[in-house]
Each structure stands twice: as C-alpha cells, then as structure tokens.
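Residue numbering for the sequence shown follows my numbering, starting at 33 and increasing by one per position. One structure is given here, and the rest of the page talks about it.
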Amino acid sequence: MNNAQTVLVFGATGQQGGSVARALLHRGWRVRALVRDPFSAGAAALAARGAELVVGTFEDRAAMRSAMAGVDGVFSVQPSSPGGTVTDEQEVRYGITIADLAVECGVKHLVYSSGSATGETPTGVAHYDTKAEIERHIRRLPLAATIVRPATFMELLVMPGFGLDEGRFQFFMLPEGRMQVLAVEDIGHLVARFLPRRRGLPARRLRSPATA
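Shown next, in the form of structure tokens:
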C-alpha cells in the first residue's frame, strides 16, 4: 500500500464513516475527515489514530472543496431524515454536492453508501428514494464510483424499540421471512479492500449477500 494515498471520509465520527476511517488507517491509508467539532470525543479518537481533521459541515461547500483537494478517494455518506437531523431535500443535496465536488477536484474514486432497498423503482419510502436520486446523479457523472447498499445493521437490532431488551423481536417483516444483516464494522473492511482496486472503472453496485 502506498502511504501517499489519501481518502476523505465523510461521517467519520459516526457509525459507517468511523468504520471506514478505522479500516483505512489500519491498512496504511492517509485519512482526512470532515468534522463539525474537532474537540469532540469522536474527532479526538480519529486524530489519535492519525487522521487529519478538517473543520466543516455538509452545508459548507467551500470547506468540503478544501477538504477534497488532493485526495485519491472519497467515502460519501450523509445523515438521513429518519435520524431527525436533516430533511430529505438536504440529504439529496449533500450527496449530489459531494459527487459534483469529486469531479471538480479530480478524485480518482468515489464510494457512496446507499441503502439495501434502493433501486430504479421508487419505493415510496423517502429513506431509500433519496438515496436512489443520489445514485442516479452519480451514474451520470464522468467519475469512477462504487455504490454500496448496506443491509440492516446488526447494531440497530439491539436498540430499544426492536424488543430484544424485552426478550422478543419485532420488525416489519413476516415471521417466516429472512432478512439481510450486516455488522457496521464490515462496511469499513469492505471499502478498504476494494477502494484501491476500483479506480478508473465505471460505477458498480455491490450488495451484502448475507442473510439471517
């Protein structure tokens, strides 16, 4: 691995972005992270591992452009409306802006984290349809890109509301149904493995085949 290679990771203090940042650092990549608060515990932990912190937000196009300057790759993930922190329109705008800036800055490879139910046919669920809109925009760009559609994260299933803390499990599926699940840490391992191999190739979609 060439230590000169640098990746800008969005959401690096969160679940997916943090997983990607840790995996890349472990493999010898230089990681640059856009963070809102460089003094937060998450940001401090990244810096301690060797990541370069750039202060900015998804609303700050100039900061994102500055953070993207000179990087080889970008991992793009945005907050989504179910989290209650952004609107659907903001999520789409953030994803499109990152992709456009990747083209502008000459990024060799963009990796976008979408959703497992995202596709060409609208689902009527904004959580997925917003990501489909971002995917369509990425595929129209002159940009080497990989789209990952992670399944349901195992970590979510132990949160209050799914019932496991009460000795049962409730989810929106048939009792005899099967579901894809994925550990959030696996996102980082996946991205770190294929990111250096996909430069210069057209967009490709990957899905987790794991079921449970």
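Where a beta carbon is used, it is the ideal one built from N, C-alpha and C, also for glycine.
Which class does residue i belong to by DSSP, given the choice of helix, strand or coil?
i, result
"Ser98", "helix"
"Val213", "strand"
"Leu206", "coil"
"Ala176", "coil"
"Gly220", "helix"
"Thr89", "coil"
"Gly127", "helix"
"Val143", "strand"
"Thr117", "coil"
"Val106", "strand"
"Arg225", "helix"
"Arg181", "strand"
"Glu152", "coil"
"Arg200", "coil"
Would you kindly work out how many angstroms separate the C-alpha atoms of residue i and residue j, rounded to a whole number?
i, j, result
"Leu227", "Leu133", "18 Å"
"Thr119", "Pro111", "9 Å"
"Gly209", "Phe107", "32 Å"
"Ala244", "Val41", "Because Ala244 carries a pLDDT of 47, less than 50, the predicted location of this residue cannot be relied on, and no value is offered for it."
"Tyr144", "Thr184", "16 Å"
"Cys54", "Leu206", "In the sequence under discussion, the amino acid at residue 54 is Arg, which differs from the Cys named in the question. Taking the straight line from one Cα to the other gives about 36 Å."
"Thr129", "Asp197", "40 Å"
"Thr117", "Val86", "21 Å"
"Gly232", "Arg168", "Confidence at Gly232 is low in this model, with a pLDDT of 48, below 50, so its placement is unreliable and the value that follows should be read with caution. Each residue's Cα considered, the two are about 19 Å apart."
"Glu91", "Arg125", "9 Å"
"Ile170", "Lys163", "11 Å"
"Glu121", "Ala65", "24 Å"
To the nearest whole angstrom, what separates the beta carbons of residue i and residue j, a pair I think is in contact under 8 Å?
i, j, result
"Val63", "Glu84", "7 Å"
"His141", "Gly105", "4 Å"
"Gly127", "Ile179", "Actually they are not in contact, since the Cβ atoms of Gly127 and Ile179 sit about 11 Å apart, beyond 8 Å."
"Ala79", "Gly88", "Not confirmed; about 15 Å, so no contact."
"Val139", "Met100", "7 Å"
Is the CB-CB distance between residue i and residue j below 9 Å?
i, j, result
"Arg97", "Glu136", "yes"
"Ala224", "Arg59", "yes"
"Thr45", "Val67", "yes"
"Pro174", "Ser146", "no"
"Val213", "Gln47", "no"
"Gly220", "Gly50", "yes"
"Leu57", "Gly82", "yes"
"Pro70", "Ala76", "yes"
Is the closest heavy atom of the ligand SAM to the C-beta of residue i under 8 Å?
i, result
"Ala224", "This structure does not include the ligand SAM; it has no bound ligands of any sort."
Would you mind listing the beta strand (DSSP E) stretches within the stretch 38-85 that are 3+ residues and don't spill past its ends, in chain order? 38-41 and 62-67
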